[in-house]
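Enquirer: Can you read through this structure? Questions will come right after.
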Amino acid sequence: MNTEAILHKKQDLLSRRERLLGKLEAARENLSKIDERLREKGIDPESLEDEINRLRSENEAQKAKLTQALELAESVIEKIESRVRG
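The sequence shown begins at 0 in numbering that gives the first Met the number 0 and counts up one residue at a time.
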């Protein structure tokens, strides 16, 4: 590789590095904004995984309650239907 090619390669790598540094800075700013929005909602960004797990558990519990209520409603409706037919 001649001197000119080496210098061109160096300049290309420096340009690529600067673009990547810009993207990194933008990503850090976005992360900071997300952290700020979480804090506004009362969620500690450091315990986000715990919060997600808590919400998943709560979701499962609510689905179980709903399923139970639907089964009870179905049972009641079936009893009424059987009386109407009978």
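All residues carry an ideal CB built from backbone N, CA and C; glycine is no exception.
This one's a predicted model, so the numbers in the text were calculated from it and none came from an experiment.
#1: Contact check, Ile42 vs Glu48 under 8 Å by CB: the rounded distance?
#2: Let's see if you can read the secondary structure: which residues bound the alpha helix (DSSP H) around Lys32?
#3: Which of the three DSSP states is assigned to Ile76 in this structure?
#4: Measuring only the C-alpha atoms, how far is Asn58 from Gln67?
Expert: The relevant details are as follows:
#1: Here residue 42 is taken as the residue at index 43 of the sequence shown, counted from 1. Here residue 48 is taken as the residue at index 49 of the sequence shown, counted from 1. So it is not a contact: roughly 11 Å between Cβ atoms.
#2: The sequence position of residue 32 within the sequence shown is 33, counting from 1. Run containing Lys32: Thr2 to Glu39, per the alpha helix (DSSP H) assignment.
#3: Sequence index remark: in the sequence shown, residue 76 carries index 77 (1-based). Helix, per DSSP.
#4: Mapped onto the sequence shown, residue 58 falls at position 59. Mapped onto the sequence shown, residue 67 falls at position 68. Going by the C-alpha atoms only, they are around 14 Å apart.
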